[in-house]
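In what follows, a structure is listed as structure tokens, so that the remarks can point back to it.
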Amino acid sequence: MTRQEWPLYEVFIRTRSGLSHRHAGSVHAADDEMALNNARDTYTRRSEGVSIWVVRSDRIVASDPAETSAFFDPAEDKIYRHPTFYDIPDEVENL
Amino acid sequence: MYTQGLDQAGKGGPDTREAESRAQLDAFQARIDAEEKIEAKDWMPEAYRRTLIRQISQHAHSEIIGMQPEGNWLTRAPTMKRKAILLAKVQDEAGHGLYLYSAAETLGVSRDEMVGDLLSGKAKYSSIFNYPTLTWADIGAIGWLVDGAAIMNQIPLCRCSYGPYSRAMIRVCKEESFHQRQGYELMLTLCRGTDEQKAMAQDALNRFWWPALMMFGPNDAASSHSAQSMAWKIKRFSNDELRQKFIDVTVPQAEFLGLSVPDAALWFNENTEHYEHSDIDWQEFFDVISGNGPCNRQRLAKRRKAHDDGAWVREAARAYADKKAAAEAAA
Ligand SMILES: [Fe+2]
Ligand SMILES: [Fe+2]
Chain A
1 MTRQEWPLYE VFIRTRSGLS HRHAGSVHAA DDEMALNNAR DTYTRRSEGV SIWVVRSDRI
61 VASDPAETSA FFDPAEDKIY RHPTFYDIPD EVENL
Chain B
96 MYTQGLDQAG KGGPDTREAE SRAQLDAFQA RIDAEEKIEA KDWMPEAYRR TLIRQISQHA
156 HSEIIGMQPE GNWLTRAPTM KRKAILLAKV QDEAGHGLYL YSAAETLGVS RDEMVGDLLS
216 GKAKYSSIFN YPTLTWADIG AIGWLVDGAA IMNQIPLCRC SYGPYSRAMI RVCKEESFHQ
276 RQGYELMLTL CRGTDEQKAM AQDALNRFWW PALMMFGPND AASSHSAQSM AWKIKRFSND
336 ELRQKFIDVT VPQAEFLGLS VPDAALWFNE NTEHYEHSDI DWQEFFDVIS GNGPCNRQRL
396 AKRRKAHDDG AWVREAARAY ADKKAAAEAA A
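First to last, the protein sequences are chains A and B. Take 1 as the starting number for the first sequence in our numbering and just add one per residue. Take 96 as the starting number for the second sequence in our numbering and just add one per residue.
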């Protein structure tokens, strides 16, 4: 047989309004609608969510952990992006 | 515990050892020692990956098979309230299985492979689920003792070095307290009932006490894989430490119920402030683990039948999804 498994979906849940969606885990489902229903039954049996996103795992584009330092390197030497880089005399208030 | 450390990955073969440089291994161990979490796509030693796949999948299989002994009483629960509670509990166990399969899949093993290993009998699951549930009191004993023992083991697993496993365990632990409390309350109700009801509770404790203690796995001296799992911070406490903790908290709970723990040699050592107990019958444990417990064959046969009976549903859903996708592509 060719395709045995239903595709894998990653599940993201907003626990209440005001918060962003957060990764909860994954589910298998034959299609998008079933993925939503399975995610609800698996991850929100105790009203842990007000909104669910599901996305096919194979559609996620991720950075490579092996390349982490090279990938994030451009941010490393720009210390002037941080407020503490600037010397302001103590007498100056509210700054 | 649910994995009992019996079927761990062997030592890395010569080929994997060669591919993993000393520097890589040292850097990995340094991350572990610094309490950093390891995430799915991070570099990890092959033996670490294999140990986790075995442990997490065995844990998942235990949750799934573990639905059977309790499922046995779903249609015979004495009241509507108890039935609704038991149904919710069994559903939670299905959920735990799914969280755990999902965590194991992040390590590069497919769901089909894991399920295939369970159904073929290649994969192991906890010995405890091979005991029958003969009376309604067994449902109370399972919630109280089996889920109680599971909690003992799972709380430290929340701090496991592998991120996806640790997060799945946090989710599981949030749900376990209800399982244990409903079981204890069920026992309490029986113990406050008629003499027959109380005798039924005592009988359930008699049958589940020793199997519950075996859930923590072999004695430390006989548990060869523990040291590596401890070094990798997959495991935080030894089998015997967790078993002792469980006994220490559970004996007073039995006393409160007015039940006696079926161990004539049990006594409280004032000096160590721990209970001392008789030796565990490890022969029974190894018999059950190797497939010869009271219900091993029945459990697997039932799981296989459920899987086979569901095949047409899986195929139909896939065919429907394909058809819909084709129609959308054509539109
Ligand atoms: Fe569970
Ligand atoms: Fe449970």
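Glycine included, C-beta positions come from ideal geometry on N, C-alpha and C.
Around the Cβ of Ala425 of chain B, are there at least 16 other Cβ atoms within 10 angstroms (buried) or fewer (exposed)?
exposed
Under 7 angstroms by beta carbon: chain A residues contacting Gly405 of chain B:
Those within 7 angstroms of Gly405 of chain B in chain A number zero; the least Cβ separation is about 12 angstroms.
Asp64 of chain A beta carbon less than 9 angstroms from that of Lys136 of chain B
yes
Shorter than 9 angstroms from the beta carbon of Lys136 of chain B to some beta carbon of chain A?
yes
Is His191 of chain B near ligand 1, judged by its Cβ being under 8 angstroms from some heavy atom?
yes
Apart from the five residues just before and just after Gly108 of chain B, which ones in its own chain have a Cβ nearer than 7 angstroms to its Cβ?
Bear in mind that the predicted position of Gly108 of chain B carries a pLDDT of just 47, short of 50, making it too unreliable to give a figure here.
Looking at C-alpha atoms only, which residue of B:Pro389, B:Ala396, B:Met139 is the closest neighbour of Leu229 of chain B?
B:Pro389
Are any of the Cβ atoms in chain B nearer than 9 angstroms to that of Glu5 of chain A?
yes
Give me, in chain order, the residues of the same chain whose beta-carbon lies closer than 7 angstroms to that of Ser157 of chain B; leave out the 5 immediate sequence neighbours on both sides.
Tyr97, Tyr220, Ser221, Phe224
Alpha-carbon spacing of Val267 of chain B relative to Thr345 of chain B, whole angstroms
21 angstroms
Going along chain B in order, which residues have a C-beta closer than 9 angstroms to the C-beta of Pro65 of chain A?
Glu134, Ala135, Lys136, Asp137, Trp138
When every heavy atom of ligand 1 is checked, does at least one fall within less than 8 angstroms of the C-beta of Ala245 of chain B?
yes
Measuring from the CB of Glu280 of chain B, is there a heavy atom of ligand 2 at a distance below 8 angstroms?
No, ligand 2 has no heavy atom inside 8 angstroms of this Cβ.
Between which two residues does the beta strand (DSSP E) carrying Asn167 of chain B extend?
Run containing Asn167 of chain B: none; DSSP gives neither H nor E here.
Classify Gln4 of chain A as buried or exposed, calling it buried when 16 or more other Cβ atoms lie within 10 Å of its own Cβ.
With fewer than 16 Cβ atoms within 10 Å of its Cβ, Gln4 of chain A is classed as exposed.
Rounding to the nearest angstrom, what Cα-Cα distance links Thr170 of chain B and Lys178 of chain B in this structure?
8 angstroms
Any chance the CB of His274 of chain B is under 8 angstroms from a heavy atom of ligand 1?
yes
Heavy atom of ligand 2 within 8 angstroms of Lys400 of chain B beta-carbon
Every heavy atom of ligand 2 is 8 angstroms or more from the Cβ of Lys400 of chain B, so no.
So if I threshold CB-CB distances at 8 angstroms, which residues from the segment 185-198 of chain B count as touching chain A?
Gln186, Asp187, Gly190, Leu193, Tyr194, Ser197, Ala198
Could you name the residues of the segment 39-60 of chain A whose beta carbon sits closer than 7 angstroms to any beta carbon of chain B, in the order they occur along the chain?
Thr42, Arg45
Identify the contact partners of Asp207 of chain B in chain A, using a Cβ-Cβ distance below 9 angstroms as the criterion.
Gln4, Glu5
Bridge-paired residues (DSSP) for Glu10 of chain A
A:Ser26, A:Val55
CB contact flag (Gly211 of chain B, Met282 of chain B, <9 angstroms)
no
Own chain residues within Cβ distance below 7 angstroms of Leu285 of chain B, not counting five before or after:
Ala232, Gly235, Gln292, Lys293, Met295, Ala296, listed in sequence order.
Under DSSP, the beta strand (DSSP E) around Asn364 of chain B begins and ends at which residues?
362-364
Compare the Cα-Cα distances from Ile49 of chain B to each of B:Lys269, B:Gly386, B:Ile329 and report the closest residue.
Shown here, chain B extends from 96 to 426; a query on residue 49 of chain B therefore has no answer.
Residue range of the unbroken beta strand (DSSP E) whose run includes Tyr370 of chain B:
Per DSSP, Tyr370 of chain B belongs to the beta strand (DSSP E) from 369-371.
DSSP bridge partner residues for Tyr60 of chain B (one or two, in chain order):
Coverage of chain B is limited to positions 96 through 426, which leaves residue 60 of chain B absent and any answer about it impossible.
On a CA-only basis, which of B:Arg117, B:Ala114, B:Ile151 is nearest Ser324 of chain B? Give me that one, please.
B:Ile151
Does the segment 308-323 of chain B come within contact of the segment 270-280 of chain B, defined as at least 3 CB pairs closer than 8 angstroms?
By the Cβ test, the segment 308-323 of chain B is not in contact with the segment 270-280 of chain B, since fewer than three Cβ pairs between them sit closer than 8 angstroms.
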